[in-house]
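Residue numbers (the UniProt record's numbering), protein chains in the order written: chain A, 1 to 447; chain B, 1 to 447; chain C, 1 to 447; chain D, 1 to 447.
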C-alpha cells in the first residue's frame, strides 16, 4: 500500500523536485512550501479533519447543555459561532441554575449534619459539576477561535495528510466511554430502586417518592415530594453525571488528536532514517514541530483548568472509594457494585492520565530520531531542532501546577496513599461522631 | 495607540537607523546604545520608576517601625540613606525590645504549662514577628544600594520604558492587602471583646482588663492589669500583626516589579515575531535579559531570608488552623470566624506563592519565542541567548533551599498533608495531657 | 597482556592506517568500517557472544516451562525459532493452567475468609507467577528477533570484542542466584514439615497429607487429599517459586550484558585519554554509542513489563514481611527463618535495582570522558556526542512509568516506609476482625 | 593589598606576556603553562597546602586510633605511607576488636529484651562506630594516593595560590567541633554520675561500679564489675564517641577544602568581569575547572561511604531524639540536657549538610559568570566551558544514591517527618510490651 510504505505523506515526492529546483530558482522557502500545500490539498479526505471528527462529539454534549456553540455541523470551522443569546446558552444557563441549587442544598446539609469527609460527597459532586458546566461555557466562547486555529494548522501540515480514520476513532472512543459510564450510573441507582421496590411490596408505600427521597435526601429535607420536582431533580442528576464523564472524555479526545499529529511527524522522520535528505527537509520538519508545539500551548491554555479539575476530582473519588472500603458492604450485590465502581474510577483515571501523557510521550520521540542522524545530514537546522526537542517541555498541564507526563501516574498513586493515611486518621478521630450522625443522615425512610 | 501597537518601546525606531548606520559607522555597540538611551530618556514618566512606586509602600511600613531609612520621598534613589542614629531606627529598636519581651513571656508560659503543639502559637507569632523586624532592619541597611542598583537597571533598560501604571498598581495592591488583613485582625478581637462585654454586663467587671487578660494571658500571669500597660501590649500586638502582613505584601510587590520587567521584554520579543531583525537586536535583548537576571539575583540575596520565613510561617499557620479543625468550634460566630480565618491564610499563601513564582514564569516565557525564530535570523548570539534561557534557572529562592516555582504550590500542599498526619498523631498521644492542661491554660477569667 | 593494555580492542591499530588512508582514499566511512569489522572478526571468541552466554540460562528456564523457544543451543541466534505448536509451549500452557487454577482458589478463599492485607499473599504469589509465565511466553515470541538484533549489534561493535568471560560470569551468577533461592524456598517448607512430623509422631496421622493440607490450604478446602494431587500442587508451587526467582535473575543478566557493553566503550575512551585521535575516531565512537543506546531501547521495550512486575512484587513482599514483623514469631526457628527471609528479599531487591541501574550508570560515564577532551580534538562530532550523552536518558524503565536509576533505590525505600504506615493503620483497624478470622484461616490441622 | 585587588593570583600578569608571545612563539599551551607554574611556585606559602593544613587534623585522629598512616608530618604528601604492620594499625585493630565486642553484646541484649526501636540505640551506636573505624582504615590505605593527587592538583593550579589561611581555618573548625562535642559527651555522663553519687551518698554503695553498670548495662549483664574492665569499656566508649564526631568533622573539612578551590576560580573569573581576555585564558580556566571537577570525583569515590553513613546515622539520631520527646523528661536537668542534645544533633547535621553542599554550590557559581561574557570574548572554548558547567553535576554523593545539594536539607527534613510517623505508630503498637520490658531493661540499679 502506498500510504504504508511512504509515511511522510507527500514530502518525499516533493523533496526531489525541490532538490532539483534549489540551484535554479532561488525562491523563498515559504513560497515553494505554499505551492506544494496547494497541490496536495485535493487528495485530503476532509472528513478526518479535527473539526469534522469532533463535531459529532460536541453535538452529543449539546444534548446535555454543554458547549453551547452554533454551526458545529458546518463544513469548516469558520461556521462556528458563539453568542450569548441563543437557545443552547439558555439551556446551559438553566442547567447551571439547577446545579447551583443542588450544590447549595448539599452544602447546607453538610453543615447541618455531617462535617465528616464522607459527607462531602454530595457537595463535591454537584459543586464540581457546576464548575464543569461553567468551564465548558467558557470554552465554548473560545471554541470558534480554537477550531479555526486547528484548521489553519491542518492546512500548514497538509503534506502530512489527516490522521488515519480519526473520525471513526473518536466516535468509537465516545461510544465506549459513554456506554460504560451509563452502565455504571444505572447500577448506582439499582440499589435505591431495589429499596423502593421493597418498600412498595412490603409497606404498600409510594415507590417513586421513596426512590426520590433516598436519591436526593438533601432536597426532600426542605421540599415536599411530587412526581414533577422529582423528575427535574433526576434530570439535573443525569446532566451532572454526564458532565463528569464528558469532561474526561473531552480531555482524552483532545489529547489523542494532538498526539496523533506528533505521531505522524515521528513516522515521517522514521521513514527517512538512513536516507540522505536535503537540509531544507529538516527546515520543514522543524517548522512543523514548532507549529505543533505552539498548538499544544494554545490547546493547553484552553483546557488546563479542565485537566486540573479532572485530576483533582478523580483523586477525590478514588480516596473516598478507598475510605469506604474500610466499612465493607454487607451483601453481595453491594459488594459487586463496590468493586465495579472502584475499578471503573481507577480505570478512567488511568485512561485519562495515559491519554493526556501521550502528547508528551509522542513529542519526545523525535529526540531519538534526531540523535541518530548521520554526520553528513547534520546541520545548524538539525542542531536547533535537537536542542528544542531536548529542552522544550511539550505537555498538557493542570493550571501550570503540574505537567501531565507518564510518571505523573505514579505520583498520583503515591499521593492517594498519603491522603488515605490522613483520611483514615481523621475518620478514626471522628468515628464516634460519625456513627451517631450517620444514623441521622443515613436514615433511609420508606414513606 | 502607539504604545499598544509598538510593544518594544523605542527599539524598532532604533533598529532601522541602526541597520542603516551599521555599514557606514563602525561604532561599538555600547556607544550606539547609550546615545539611544539618552535620547529616549525624556519621554519616560519618572513617577512609575521602582523608587517612586515603592516609596509610599515604604512610608506606610515606617509608621509601624519597619524599614528605617531616610529620604524615601526624594526624587531619586540616591537620596535614600541609612544611619544607625535616626528616629526611625530608635522606633524600630523599641518595637524590637517590646516584641522580644512578649516572645520571652510566651516561651516561659509554653514551658510552664503546655508543651503541646497548639500552645506554640503565641511563641511562634511573637518570635516570627521579632525575626521579621530584624530582617527589615537588615534590609534597610542594604536598601539604598538596592534601590540605586534598580535605578541603574531602569536606566539601562530605558528603551523599554517603565512598566505601565506601576505606581497605581502597587498602591492598589497595598490597599487591598492591608484592608483585608485589618478586617481579619479586627475579627480576631471580636470574640474577646464579646466576652469582655458579657463580663461587664453580667458580672459588672472591669471590661477593659478582661479584654487585656484574655488577649495577652502570657503577660498578665506576671503583671498586674493597668490601662497603660494594656495599651502598650495592644500596640505591640498590632505592630506584630502588621509586620506579618507587610512581609508577605513586600514579597508580592518585589516579585511583581521583577516579573513586570520580564513581561516587558517578552512583549517586545513577541512584537517582532516573524519580522526580520538585525543581529544586534538580539545582542541588545540578550544583554537586557542578562541585566534582569542579575537583578533577580541581587534582589533574591536581599529578600531570600524573608521568603523562607514567609513560607515557613504560612505553612505553620495553615497546619495549626487545620489542627484546630479537629476541635470544631461550638457556636456559629466562632464557626464563621474560623472559616474566614482559614480561607484568609490559604488565600494569602497562594497569592504570595503565585506572585513569587511569576518571576520564574515570566523569565521562562522567553524560551518559546526564541525557539520559533526563523532560520534566517538565527545567529550565535541567539544560540547563546537560547542556551541561557533554557539552562539558567531564574527564580526567587528561600535561603537557596528551594526555588519558588509554580509547582512549589503543590509541594507545599503535599507537605501540609504530611505534617498534618504527624500533628494529629502527636496530639492524639498528648490528648489526655492537653485536655487537663488546656483547662488550666484556657481558663478565660472574668475579673 | 595485550588485551589488558589496549582497552580499545582493535581500534587503535585501525586508527593509524585510517589516518594514513584518509588523504589518499576518499572512501565513505561505512565502507572502511565494514572492511575493518571483517578483518577483525576472526579473532573474536564466539563463546562469549550474547547468544551463547545466554543459551544455558534459557535452557534452565525451559526445564520449568519458561521461554518456550526452539534451537537455543544452535551456534548462532538465527537458529532460534518460536512456534505455537511445540512441546515447550504445551509445557508452558500446562503450567499456566495449573497456576491459574491455584490463583482462582486463592482469590475465592480471600473473599470467603480474610479480606485483610495479610491474606492477599496467596493470591498475589500465584497471580504474579501466572503473569510472569505469560510475560515469558510473550517474550519467547520476540526472543528470536531480539537475539538476532543483539548479534547484529555485536557484529557492528566487533572491534571492541566480546565482554571478557561473559559466559562464565552469567553461569556463575545464575548458579548463585538459584542456589540461594533454593535454600530459602526449602527453609520455607521446613516449618510445615516439622509440623507434619510432629503430627505423625504424636497423633499417628498421615504426615504427607498434613504437609499438603498446611502448604496449600486453599486447595484442600475443596478437594480431598491424595498423594497424586498433592504432588501436582507441589510441582506447581515449585514452578511458581522458580518463575519468581528467574525473572529477577533474567533482569539482572540482561542489565549486566548491556552495562558491560557500555563499560567496554568507556574503557576504550578512557584508554585514549590525552592522546590525539583523528575526528573519525569520534565518529565511530558516537555511532557505537548510538547503536548501544538503541539496543537498550529495544531490550527495554521487551522487558519493561517484567521490570515493573519485579519491582512491584518485591515492594509488596518487603511490605508484607515488615508487616509480619509486628507479630513477632514465637520460637527461635521461626525467628531465624523470618530474619533470613527478610534479608533475602531485601538483598534480592537491592541486587536487581543496582544491576538494572548499572545500565544507566555506565551510559552516563561517557560524559566525564568527553568533557575533558583537549581543545585540539574537539569537533562538531564530539559536540554532538556530548550533547547526546548529556541530554539522552539511557535506562531500563518499568512500563515507562519510572526509569531505573541508582536513586530509585532510595525512592523505593521511602515508598516502603510510606506504604508501611498505611498498612499498619489498616491492620490496626481490622485487627479485631483479623484476630477472629485468622483463627479460622490459620487453623492448621493435624489430620 | 595586592591579593585583594587581584583575585586571579598570577594569571593577569601572565596573560599579557602570553598575549604578546602568542604571535611570535607557537608553543603548545602545556609548555607555556608549565613554565608559568614554575616561575610562580616560589611565592606560594606551603603551610596552606592541603597536606599541611590537614596533617594536624589527622594527627588528632591517630590519638584515637583512626587514619593509621605514617609520615603525616612530612613536608610533602609523598612522605605519607600506609603499611599493615605498624603501631598505628595495631592500635586501630585493638579499637576495632573492642568495638566489635561491644556491638555483639548490644545485639544480644537487643534480642534478649527489647526488640523495640528505642532499644536499637546501643547496637546502632557501637555498630556505626565499628563501620566508621573500618572506613577510616580503608581510607588510610588510599590516603597516600589521594594526598599526592591533591598535591599534584595544587601544583597545576599553582597560579591561583593556596586558599587563604586554610591551615588556621581547619584548626579553628577542628577545635570548635571537638570541644562542643566534648561538652555534649561529658553532659551525657552527668546524669549517670549524679545517679552514682546519689547511690554513694544514700546507700553507701560502690559509686564507680554503679556508674559503669548504668553506662554499659549490656556488658555487666555478663561480666562482673571491676575497676579495670570498667576503664577499658570507658575508653572504648570515648573512642567510639570521638569516631562519630570526627567523621562529620572530616567530611566538613574535605568539603571546605574542595569548595575553597572552586571559590578561588570563581573569584578569578569575577575579577575579569567586563575586561577583554584572550581566548587562551578561557582555555586555562576550563582546564582548571576540569581538574577540580575530576578532583571532586576522586575525593568522592574515597569518602562516599562516609557521607552515606554520616547522613544515615544523623537521620537515625534525630529520629530517636524526637521519638524520645514523646516521653518528656521528669526533671529540669534532664530537660535541659535533652534540649541541648537535640539542638546539638540538629546543628551538626545542618553544618555537615551545608558544608558538603557548598562544593556543589561553588561549582555552580561559574555558570552565572559565563552567561554574562560579552559577545566579543565568546568562543568555542567558552561554549564548551558553559555547556560543561550547565550539564555536569559536581557534588559529593552518598554511595551515588543521592547527591549532596542544598535542597537535600529540606528532603532530609521531610524524611525525618515521614519516618517519625512510622516510629510513632510502631511505638504505639508496642507500647504495652515496651512498658513492661522497659522496666526490665531500664532498671537502673544501685549496687
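Quick reminder that beta carbons are idealized off the backbone N, C-alpha and C, glycines included.
Taking the Cα positions, residue 337 of chain A is about 36 Å away from residue 412 of chain B. Secondary structure within the region 369-419 of chain A: the alpha helix (DSSP H) runs of 4 or more consecutive residues, fully enclosed, are 380-391 (chain order). DSSP, read as helix, strand or coil, puts residue 289 of chain C in helix.
When 9 Å is used as the limit between beta carbons, residue 381 of chain D is near these residues of chain C: 375, 378, in chain order.
Looking at the DSSP output, residue 70 of chain C sits in a beta bridge with C:81.
Per the Cβ contact rule, the region 60-77 of chain D is not in contact with the region 192-211 of chain D (fewer than 3 Cβ pairs under 8 Å). Within the same chain, 119, 120, 122, 123 come within 8 Å of residue 110 of chain A by CB-CB distance, once the 5 residues on both sides are set aside. Take residue 239 of chain B, set aside five residues on each side of it, and the residues of its chain with a beta-carbon closer than 7 Å to its own are 64, 65, 95, in chain order.
Contact annotation, residue 310 of chain B with residue 251 of chain B: C-beta distance approximately 6 Å; criterion of less than 8 Å satisfied.
Residue 347 of chain A counts as exposed, since fewer than 16 other C-beta atoms from the protein chains shown sit within 10 angstroms of its C-beta.
By the neighbour-count criterion, in which a residue is buried when 16 or more other Cβ atoms sit within 10 angstroms of its Cβ, residue 141 of chain C is exposed. Residues of chain A whose Cβ lies closer than 8 Å to the Cβ of residue 294 of chain C are, in chain order, 368, 372.
For residue 138 of chain A, the number of other beta carbons within 10 angstroms of its own is below 16, and it is reported as exposed.
Counting the other CB atoms within 10 Å of its CB gives residue 88 of chain D a total of 16 or more, which places it among the buried residues.
For secondary structure counted as the alpha helix (DSSP H) over 4 or more consecutive residues, the region 140-206 of chain B holds these complete runs in sequence order: 166-203. Annotated three-state conformation of residue 276 of chain D is coil, per DSSP. Note that the C-beta distance between residue 181 of chain A and residue 99 of chain A is not below 7 Å.
In the structure shown, residue 217 of chain C falls within a helical segment according to DSSP collapsed to helix, strand and coil. At a cut-off of 7 Å between beta carbons, residue 304 of chain C makes no contact with chain D. By the criterion of at least three beta-carbon pairs nearer than 8 Å, the region 368-375 of chain C is in contact with the region 283-297 of chain D. Judged by DSSP secondary structure, residue 225 of chain B falls outside any alpha helix (DSSP H); it is assigned neither H nor E. Taking each of D:56, D:319, D:362, D:113 in turn and checking the Cα distance to residue 349 of chain D, the smallest one comes out for D:319. Counting C-beta atoms within 10 angstroms of its own C-beta, residue 339 of chain D has fewer than 16 neighbours from the protein chains shown and is therefore classed as exposed. Under the 10 Å beta carbon count, residue 420 of chain C is surrounded by 16 or more other beta carbons and is classified as buried. Assigned with DSSP and collapsed to three states, residue 49 of chain D falls in coil, not helix or strand. The C-beta distance from residue 390 of chain B to residue 146 of chain B rounds to 29 Å, too long to meet the 8 Å contact threshold. For a cut-off of 8 Å, the C-beta gap from residue 307 of chain C to residue 407 of chain C is around 16 Å, too long to register as a contact. Neighbours of residue 406 of chain C in chain D, taken as residues at a C-beta separation under 7 Å, are given in chain order as 400, 401. Taking the beta carbon of residue 388 of chain B as reference, the chain D residues within 8 Å of it are 371, listed in sequence order. Close CB contacts of residue 82 of chain B within its chain, under the 8 Å cut and outside five residues either way in sequence, are with 68, 69, 70, 140, 141, 143, 144 (chain order). Residue 64 of chain B carries a coil assignment under DSSP once its states are collapsed to helix, strand and coil. In chain order, 415, 418 make up the part of chain A whose C-beta sits under 8 Å from the C-beta of residue 414 of chain B. Chain A has no Cβ within less than 7 Å of the Cβ of residue 138 of chain B. Contact annotation for residue 391 of chain B against chain D: 390 [CB-CB distance below 7 Å, chain order].
For residue 266 of chain B, no Cβ of chain D is located within less than 7 Å of the residue's own Cβ.
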